[in-house]
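Step one of this worksheet: look at the structure below.
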């Protein structure tokens, strides 16, 4: 088959850009007929497994030392939680709370960590695209969070909703992308107070793959849950079979802000999984 001018691809750059580029195979520079190749099925795009064993760089004793120091930080130094309800919940669970600072009981931390399931299903609008998180499963998603877009025609610029939707369309068209992602770019042409609605709607409209939710505030998370509930047959449905994955970031050193915590609580109450950075 002939390689002709095809759709754009994306890659991330250290400068925080989402970069649109064209495959080198698509360009022939006018030097005769296009490249010829037979289609080859390289792998099953729907299911990826990690067959490699983890590197044992550290000895068991080294791992235990790091773990012990982490527990000491949680117990003796603590973490700031800048959200009153989050502090109330932790205080009710028996943690020591002084102003914004929360100090944890290591036994309670280990008990909570042990409740995390080894795997769970992350449902998609198209059931055939539902994926399993955990174990040896590999799930590919686009880049998360660039404020800028770069392409060959217009160069580096602030992203728009059109760019955001284009990335959704590309995620949908590439079989090796299993999840449409979350904030693939930040659409700066929309008001900050409402752009999350357009972003979640874009995921729903242009892809039938799993997508990630907004985490900028309690209200954003609540809106995401309500929109997903419409798509997946009600809140009870997504509470039973999660449909939203979200990313909650810590502010170093040792601080979670009120917006992140509000979103964390909202998703947790809807029984949706969250990725919490340490």
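In the numbering used here, the protein residues as written are 157 to 434.
Backbone N, C-alpha and C define an ideal beta-carbon position, used for all residues, glycine too.
Take the Cβ of residue i as the centre, count every other Cβ of all protein chains shown within 10 Å, and call the residue buried at 16 or more, exposed below.
i: residue 497; result: Missing from the structure shown is residue 497; the chain here goes from 157 to 434 and no further.
i: residue 165; result: Residue confidence is low: residue 165 scores 44 on pLDDT, short of 50, so the model does not pin down where it sits. Its coordinate-derived value is still stated next. When all chains shown are included, residue 165 counts as exposed.
i: residue 400; result: buried
i: residue 322; result: buried
i: residue 247; result: exposed
i: residue 392; result: exposed
i: residue 319; result: buried
i: residue 329; result: exposed
i: residue 255; result: exposed
i: residue 374; result: buried
i: residue 314; result: exposed
i: residue 432; result: exposed
Taking the C-alpha atoms as reference points, what is the distance between residue i and residue j?
i: residue 424; j: residue 305; result: 32 Å
i: residue 383; j: residue 267; result: 33 Å
i: residue 189; j: residue 362; result: Low confidence applies here, because residue 189 scores a pLDDT of 47, under 50, leaving its location unreliable; read the following figure in that light. Those two C-alpha atoms are separated by around 34 Å.
i: residue 372; j: residue 404; result: 9 Å
i: residue 332; j: residue 310; result: 27 Å
i: residue 223; j: residue 216; result: 10 Å
i: residue 421; j: residue 262; result: 21 Å
i: residue 284; j: residue 397; result: 14 Å
i: residue 221; j: residue 227; result: 10 Å
i: residue 196; j: residue 354; result: Residue placement at residue 196 is flagged as unreliable, the pLDDT there being 43, under the threshold of 50; the coordinate-derived value follows with that caveat. Their backbone Cα atoms lie some 38 Å apart in a straight line.
i: residue 339; j: residue 269; result: 28 Å
i: residue 219; j: residue 312; result: 43 Å
Just checking my contact of residue i with residue j at CB under 8 Å: how many whole Å lie between their CB atoms?
i: residue 356; j: residue 302; result: Wrong, their Cβ atoms sit about 18 Å apart, outside the cutoff.
i: residue 377; j: residue 337; result: That pair is no contact at about 17 Å.
i: residue 257; j: residue 231; result: Contact flag wrong, Cβ pair sits at about 12 Å.
i: residue 366; j: residue 406; result: That belief does not hold up - the Cβ atoms of residue 366 and residue 406 are roughly 24 Å apart, past 8 Å.
i: residue 208; j: residue 412; result: Incorrect: roughly 33 Å between the Cβ atoms, too far for contact.
i: residue 358; j: residue 324; result: 5 Å
i: residue 368; j: residue 402; result: 6 Å
Could you tell me which of the options sits nearest to residue i, measuring between CA atoms?
i: residue 274; options: 369, 429, 318; result: 429
i: residue 350; options: 220, 208, 370, 212; result: 370
i: residue 241; options: 426, 432, 415; result: 415
i: residue 265; options: 249, 283, 421, 325; result: 249
i: residue 426; options: 394, 418, 417, 408; result: 394
i: residue 327; options: 364, 312, 219, 308; result: 364
i: residue 244; options: 432, 418, 325; result: 418
i: residue 290; options: 385, 389, 203, 408; result: 203
i: residue 335; options: 389, 385, 299; result: 299
Is there at least one non-hydrogen atom of the ligand ADP closer than 6 Å to the beta-carbon of residue i?
i: residue 402; result: Ligands displayed in this structure: none; no statement on the ligand ADP is therefore possible.
Using a Cβ-Cβ cut-off of 8 Å (strictly less than) and excluding sequence neighbours within five positions of residue i, which residues of its own chain qualify?
i: residue 103; result: Residue 103 lies beyond the range of the chain shown here (157 to 434); nothing can be said about it.
i: residue 205; result: 292, 293, 294
i: residue 210; result: none
i: residue 352; result: 370, 372, 376, 379, 380
i: residue 410; result: 229, 233, 234, 235, 236
i: residue 286; result: 277, 278, 279, 280, 366
Going along the chain, which residues of its own chain have a beta-carbon closer than 6 Å to the beta-carbon of residue i, five neighbours each way excluded?
i: residue 288; result: 275, 277
i: residue 316; result: 343, 345
i: residue 251; result: 258, 260
Once the 5 residues before and after residue i are set aside, which same chain residues still bring their CB inside 7 Å of it?
i: residue 213; result: none
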